[in-house]
Every structure is written in structure tokens, then in C-alpha cells.
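Q: Those protein sequence lines, which keep their order, are chains R and Z.
Counting from 5, one number per residue, gives the positions in the first sequence under my numbering.
Counting from 844, one number per residue, gives the positions in the second sequence under my numbering.
Okay, here's the structure, questions in a sec.
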Amino acid sequence: MKTKSRTVIGIVGLLLGILWLFPFYLIVSNSFKTPKGIFASVLSLPHPSTTDNYVNSFQALHFIASLTNSLIITVCSVLVIILASSMAAYALQRNHSKLSSGLLLLFISAMLIPFQSVMIPLTANFGAVHFLNMWGLVVMYLGFDCSLSVFLYQGTLSSIPIAMDESAELEGASRWQIFTKVIFPMLSPITVTVAILNIIAIWNDYLLPSLVLPQAQYTIPLQMFNFFGEYTKQWHLALAGITISIIPVILFYLFAQKWIIKGVTDGAVK
Amino acid sequence: MKNRSLSFWLFLTPTLIALALVVFIPVIEGLFYSFTDWDGLTFTKMVGFQNYITLFHDKAFINAFWFTVGFVIVTVIMLNVIGLGLALLVTQKFKGNNFLRTVFFMPNMIGGLILGFIWQFIFTQGFQALGNALHMHWLLNWLTNETTGFWGLVIVTVWQMSGYIMIIYIAYLQNIPNEIIEAAKIDGASAWQRFTKITFPMIAPAFTVCMFLTLSNGFKIYDQNLSLTNGGPYNSTQMLAMDIVNTAYNSANFSLSEAKAIVFFVIVAAISLLQVAYNRKREADLH
């Protein structure tokens, strides 16, 4: 009885797994076909197969440039968010006053405001001071993403005893030294969570960068959108482009899976 | 740290400046412009509630509203049923359960824009091929009308987010002490009884979390909408976020777009505040 039900569960799992992976199979297998091959049969394996699609779409996507832009923007934004949010959370958590609870409430209320409500004045203001570029974008990501990050850091800081600060203070450490040498290292588990959540969100973001970045600084999603506009109905190229652009994400996922799952859980549950 | 100490303010300065520049100043400006005839650069006069009156008679906005509401209802139900189902499945002991976890969560790593493109291919080419091979008419001509556009968006969202919801349910399922389940087994409770009498009540908090996550995410969807259907055919599958963006950047009606965005803000904020209130009440009931 026991082994029987376990087999049934195993088979159900296998079938669902295949169903979930089937879209990936369709994309990858068709990306190796000629236009004729796709027209003849979408479901079959590529035969004959070609790698021309990859060569062409790699160039059309300006992949090296867009990958570099995505990396610079994501890494810079995430580092800035981690540093600024942990500092802010530290100041708020170690200060027990009405002012600091008011400020925390301000951070949390910012999370309620959807992007569309600020989109037009925001881009107009940054445009007026010639800041519609990747550095302006980093500032915007700090503004949009610091609330959740401050909130997460705040929760963890409350479990670090204030005696840690006090003993460092007695040894003559400045506030900045206490934070960087004593407190920040103790926050590393939640720093991983903050980093993961922001990496996923920023790497995949489309609408905000599409309003902010000049063409030379296009990230992978923006380049994909342009590419699709140019090659409508040329699925052989489009599918190779899709495959190229999801490879970095899948690799990151397989390497950092443990932390990603933890980060996503923390972000939702806390 | 003291309020008046310099270090308190220095630690807070970077985030407070960014928050002001990026969120609070623009939202106040936006609220103000929604009462003017602003064209994105200048305005000539105040128009009172004119933009708000216009939007309630704006067919595109009303259509987008009801389309979004329908989408949210269907996806909230499907995501929670499927997400919980997957969580129950992969927490059973069988070979490959960890691999399945990896597979189910994977689509969540890919951005909405690219997901929409992936499924555009599957709906227009894959479904077509399958439909012709199996002589199933309902698989033909997807994304060419409102119904298939709607279900297309639902399928993309379910494929993307089920794994995410699964992860949250797993976190709560793992908190159930094994002894309780074992004790119930010894007392002769069936698998169904154990699920309805023990598991279900004990993961109740997960429902609240997942309900509101799926609810507020559903209202805010834009990328998938853009790359899968681009609102078509004839704006019939345009959701609220997309209608607001298009009112601004396609129709260049900036003050109307701001008014729509403020209404959108009120809807989204009301959902979030409802969640906070509900959680407070539940926690109070528990104590």
C-alpha cells in the first residue's frame, strides 16, 4: 500500500515536471531550426539543426553590451541599496523615539504607492537635470527598493542586543566603526536576502529602465523588446534571442538556488 | 542613537533623499497635475475634478478595470490551489522531490517581459501545431480574441508564480510538528482527515500571505501584458497598469493618466491596508 501510493505520487510529480519544462523544450528545440523547420513541425526535435540563429541574434541583441549594462546597473543598485538601507535601519532601530517610528512608517507607506502614480513627474524631474541615464536609474532603484530592504534589516536588527554596541563604544569605537565592524557583519544572512530579492527585481525590470535609459545603455529586457519589434514573426531568430537572454538567469538560479529560495521566503513571510 | 545626534541623520540621509526624490515629491506633483490640464511639460489652468469625471466615462479604463478584476479573481484562486497542491506534492518523500521544487520555481526567475514572448510563441505556434495534430479546435488561433488573450495571460501568470506561492506554503508546511501528524496516524485518522483537520488549519496564516501577494501582484501586472498581447486585439486585453502607461505615452494625455494612476493607487493601497488590518486582527485573536 505504502510503496504503491509513493509510486503514484512519483508519477504525478514526473508528469507535472514535464508539463512545467515543456515550454523550455519548445523554445530551445525550435531555436535550432530553420524557418522552414519551424513551419514544418513545432513539436519535433530540430532536424536538420542550425546554429546560425544564435550567431545572428547574438549580434542583433548587442548581447555583450546589453549584458554589461544589465550587470553594471544591477550590481551598483544592489550595493547602494544594501549599504544605504542597512544604515537607515540601524539608525531607526537603535533610536527609540516617536520620530524613528514615524520615519519607519514613512518607509512602509512608500511601499503602497504603485510605480504608475509617480512615473511621469519622476522622469520629467530627472530629465530636467539631465539625469535620465544609468546613474539616475541607480538612484531611482534606491528610492523604490529601500523601503522593503529597510523593513527587513529593521526586523533582524531588533534581535542583535544593544550590549554589542555599548561594549564597542566603551573601547572607543565611533558610530561608523561600530556599524561597519560590529553590526553589519552580523547582518549578513539578511543581506543575502535583500541582495537576492533586489537582483531578481532589477535584472528583470522593464518599464522603468525603458523610460529612463538612452539606447546605448539598454539592458537585456529593453534590447529584447526592440529585437522583437524588429523581427516580428521571425521566430527562429526570436527564440535564439530568448534562449541567450535567459541563460544568465538560469545559471544564477542553479548556482544560488539555496539562497534564492531562502531570500524569496523571507521576503514574503517577514 | 539620539534624535539630535549628527550620526542619526547621516545614517538616514541617503535613503531619505532618494525616497523624497523618487517617491514622495513625484507622487505629490502627480496628485496636483491630476487636477490640471498638464501636457507633460506645462499646464495652463486648474480643471478641478474634470479628469476624474472623464476617467469614469473612459471606455478603455472601465474595460481595463473589469478585465483586471476578472484576471485577479481567476489567478488568485488558481495560484493558491495549484501552489498549495505543488507544495503538498514536493513535501512528500519520493525520489526527485527536490528536483521538482527547482523546476516549479524556475519560471519565477525569468522576467515578465521575456515570459510573455516565450508564451506568445507557444500559444501562436505550439498550440496551433498541437491543435492541428489532435484536431482540437479550441487550441487554434490563440491570442486573436479577448477570451484566449485572457486565458493566455492567466496561464503565463500561473506558470510563472505557482512556484513562488509553493515556496511560501512549503515554509509553513515545514513548521507543522511531525509528532502531531504521527499521533493522528496512530489514532487512525485517514490522509484526508489529517489534511482537513490538521494541515489545513495550521497553514491558515500562509493563506493570508499568499492571498494578498497574489492579489496585489495581479493588479500591478504590466510586462506580461505588454509582451504577450500588447493589450490587443483592439485594447480588449489591456489591464489597468497598461491603460495608464498608454494614456500617457501613446495618447499624450498626461493629466488624465495621472488621475487614473491616483485611482489605481487608491485601489492598490486599499488592498494592502486591508491585509495589514486583517493580519493585526488575526494576531490579536490568537493572543
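A virtual CB, placed ideally from N, CA and C, is assigned to each residue, including glycine.
Computed from a predicted structure; not experimentally measured.
Is there at least one Cβ from chain Z nearer than 8 Å to R:Gly-21's Cβ?
A: yes
Q: For Z:Phe-964 versus R:Leu-243, is the C-beta distance shorter than 8 Å?
A: yes
Q: Could you work out which residues of chain Z lie near R:Thr-38, taking near to mean beta carbons separated by less than 7 Å?
A: By Cβ distance, chain Z contributes nothing, its closest Cβ being about 14 Å from R:Thr-38, past 7 Å.
Q: Give the secondary structure of Z:Met-889 by DSSP, where H, G and I count as helix, E and B as strand, and everything else as coil.
A: strand
Q: Looking at chain Z, is there any beta carbon in it that lies within less than 8 Å of the beta carbon of R:Phe-188?
A: No - not a single Cβ of chain Z is within 8 Å of the one on R:Phe-188.
Q: Can you pull out the residues from the segment 240-257 of chain R whose beta carbon lies closer than 9 Å to at least one beta carbon of chain Z?
A: Ala-242, Leu-243, Gly-245, Ile-246, Ser-249, Ile-250, Val-253, Ile-254, Phe-256 and Tyr-257
Q: Taking just the CA atoms, how far does R:Ile-77 sit from R:Ile-224?
A: The straight-line gap from Cα to Cα measures roughly 11 Å.
Q: So is Z:Gln-935 in contact with chain R if we call contact Cβ pairs under 8 Å?
A: Cβ-Cβ to chain R under 8 Å: yes for Z:Gln-935.
Q: Among residues of its own chain, excluding the 5 on either side of R:Met-5, which ones have a beta-carbon nearer than 7 Å to its beta-carbon?
A: Low confidence applies to R:Met-5: its pLDDT is 48, below 50, so where it sits in the model is not reliable, and the reading given next is rough at best. Closer than 7 Å at the Cβ level, and outside the excluded window around R:Met-5, lies no residue.
Q: At 9 Å on the CB atoms, spell out the chain Z contacts of R:Gln-227, in chain order.
A: For R:Gln-227, no chain Z residue has a Cβ inside 9 Å of its Cβ, as the nearest lies near 11 Å away.
Q: Taking 8 Å as the threshold (C-beta atoms), are R:Ile-206 and R:Tyr-321 in contact?
A: Outside the displayed span of chain R (5 to 274) sits residue 321 of chain R, for which this structure offers no information.
Q: Am I right that R:Leu-65 and R:Phe-231 are in contact with their C-beta atoms under 8 Å? What's the rounded C-beta distance?
A: With a beta-carbon spacing of about 5 Å, R:Leu-65 and R:Phe-231 fall inside the 8 Å limit used to define contacts.
Q: Any C-beta of chain R sitting closer than 8 Å to the C-beta of Z:Val-912?
A: Interface criterion not met: the Cβ of Z:Val-912 is under 8 Å from no Cβ in chain R.
Q: Taking one C-beta from the segment 1098-1116 of chain Z and one from the segment 886-905 of chain Z each time, how about it: are there three or more such pairs within less than 8 Å?
A: yes
Q: Excluding sequence positions up to five away, which residues of its chain have a Cβ less than 6 Å from the Cβ of R:Asn-34?
A: Around R:Asn-34: Ile-42 and Leu-243.
Q: With DSSP as the reference, label Z:Thr-987 as helix, strand or coil.
A: coil
Q: Whose CA, out of R:Trp-239, R:Lys-237 and R:Pro-213, lies closest to the CA of R:Gln-227?
A: R:Pro-213
Q: Below 8 Å on the Cβ atoms is my contact criterion, and I expect Z:Asn-951 with Z:Tyr-1007 to pass it. Report the Cβ-Cβ distance as a whole number of Å.
A: 5 Å
Q: Residues in its own chain within less than 7 Å of Z:Val-1132 by CB, not counting five upstream and five downstream?
A: Residue coverage of chain Z in this structure runs from 844 to 1130, which leaves residue 1132 of chain Z outside it and unanswerable.
Q: Among R:Tyr-29, R:Leu-126 and R:Ile-22, which residue has its Cα nearest to the Cα of Z:Leu-862?
A: R:Leu-126
Q: Run down chain Z in chain order and give the residues with a C-beta less than 7 Å from the C-beta of R:Pro-52.
A: The contacting residues do not exist; R:Pro-52 stays about 19 Å from chain Z at best.
Q: Report the three-state DSSP secondary structure of R:Thr-223 (helix, strand or coil).
A: coil
Q: Would you please state the rounded distance, in angstroms, between the beta carbons of Z:Phe-1108 and R:Pro-118? I believe it to be under 8 Å.
A: Contact holds; Cβ gap of about 6 Å.
Q: Taking one C-beta from the segment 958-973 of chain Z and one from the segment 1040-1059 of chain Z each time, how about it: are there three or more such pairs within less than 8 Å?
A: Taking 8 Å as the limit for Cβ pairs, the verdict is that the segment 1040-1059 of chain Z does not touch the segment 958-973 of chain Z.
Q: From R:Asn-147 to R:Leu-215, what distance separates their C-alpha atoms?
A: It is worth fixing the name first, because residue 147 of chain R is Gly in this sequence and not Asn. In a straight line, the C-alpha of R:Gly-147 is about 16 Å away from that of R:Leu-215.
Q: Taking the Cβ atom as the reference point for each residue, do R:Thr-38 and R:His-240 lie within a distance shorter than 8 Å?
A: yes
Q: Name the residue from Z:Ala-1112, Z:Asp-880, Z:Ala-1120 and Z:Asn-1073 whose alpha carbon lies nearest to the alpha carbon of Z:Asn-1093.
A: Minimum Cα-Cα distance from Z:Asn-1093 among the listed residues Z:Ala-1112, Z:Asp-880, Z:Ala-1120 and Z:Asn-1073 corresponds to Z:Asn-1073.
Q: By Cβ distance below 7 Å, which residues in the same chain neighbour Z:Ala-1102 in space, the five residues on each side in sequence not counted?
A: Ser-877, Asn-894, Tyr-895 and Leu-898
Q: Going straight from the alpha carbon of Z:Ala-907 to that of R:Leu-49, what length do you get?
A: For Z:Ala-907 and R:Leu-49, the gap between their C-alpha atoms comes out near 40 Å.
Q: What would DSSP say about R:Thr-55, mapped onto helix, strand or coil?
A: coil
Q: Would you kindly work out how many angstroms separate the C-alpha atoms of Z:Ala-1014 and R:Tyr-235, rounded to a whole number?
A: 43 Å
Q: Residues in the same chain with beta-carbon distance under 6 Å from R:Ala-92, minus the five sequence neighbours each way, listed in chain order, please.
A: Val-154
Q: Hey, how far is the Cα of Z:Ala-1112 from the Cα of Z:Ile-1105?
A: 10 Å
Q: DSSP three-state call for Z:Thr-879: helix, strand or coil?
A: Here Z:Thr-879 sits in strand by DSSP.
Q: Against Z:Leu-932, what residues of chain R qualify as contacts under a CB-to-CB distance less than 9 Å, listed in chain order?
A: Under the 9 Å cutoff, chain R gives Ile-13, Val-16, Gly-17 and Leu-20.
Q: Under DSSP, the alpha helix (DSSP H) around Z:Ile-1023 begins and ends at which residues?
A: In the DSSP annotation of this structure, the continuous segment of the alpha helix (DSSP H) that includes Z:Ile-1023 starts and ends at 1021-1029.
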